[in-house]
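Input: a single structure, listed below in structure tokens.
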Amino acid sequence: TNLDFLVNHLGLDANGSALVSHATGTPLTPSYSHGSRLLSQKSLALFMSCTELIISIAPMQLIERGTVSLNDSAIIARHFLKLCPRKVVVKFENPIVPYNELKPLIFKEREGGTIPWMLLTQMYGIGPSLFDASLKEVFGPG
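The sequence shown begins at 1 in the UniProt record's numbering and counts up by one.
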């Protein structure tokens, strides 16, 4: 979804529970005229550079010092366990459902480890997913 305007605020406590959550904006796509639908807290939008920005500084410092390698999956598994899912989304059971309904997902076991290189180059599932028609459906309007 192309966004004409987007504001999203999220405040978390130490346990990762949301304390404050707010989203507003309007999608700007050919199928929806300007301002025709409002975004909500359940709306999905692509934020490609967030993961790269957040995780790039510390790992790159460690890599420059020679402490870790760009191909070391152990560092991610040891320090960022939540970035190592056991299952990944492959497609939807039924991708043709109304835009405001949840689409049932089909998962498969993750093959291989997650390495810093994947995270730094945004190839940890975000990039390839954009070219998969069934996964792209989740990022439709709304």
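Yeah, the Cβ is synthetic: ideal placement off N, Cα and C, and Gly gets one too.
Asked: For residue 14, does the three-state DSSP call read helix, strand or coil?; Found: coil
Asked: Between residue 143 and residue 84, what straight-line distance do the alpha-carbon atoms span, to the nearest angstrom?; Found: Summary: the structure shown does not reach residue 143, with the chain confined to residues 1 through 142, and so no result is reported for it.
Asked: What are the partner residues of residue 20, as DSSP defines its beta bridges?; Found: 11
Asked: Hey, could you find the ends of the alpha helix (DSSP H) residue 78 is sitting in?; Found: 73-79
Asked: Find out if the Cβ-Cβ distance for the pair residue 106, residue 90 is shorter than 7 angstroms.; Found: yes
Asked: Are residue 144 and residue 70 touching if we call contact CB-CB under 7 angstroms?; Found: Lying before the first or after the last residue shown, residue 144 is absent from the chain, which here runs from 1 to 142.
Asked: Might you give, ordered along the chain, the residues of its own chain that have their beta carbon closer than 7 angstroms to the beta carbon of residue 56, omitting 5 neighbours on each side?; Found: 120
Asked: Which residue comes first and which comes last in the alpha helix (DSSP H) that contains residue 119?; Found: 116-120
Asked: So which of 78, 18 and 111 has the shortest CA-CA distance to residue 87?; Found: 111
Asked: If you draw a straight line from the C-alpha of residue 60 to the C-alpha of residue 109, how long is it?; Found: 29 angstroms
Asked: Less than 7 angstroms between the beta carbons of residue 11 and residue 73, yes or no?; Found: no
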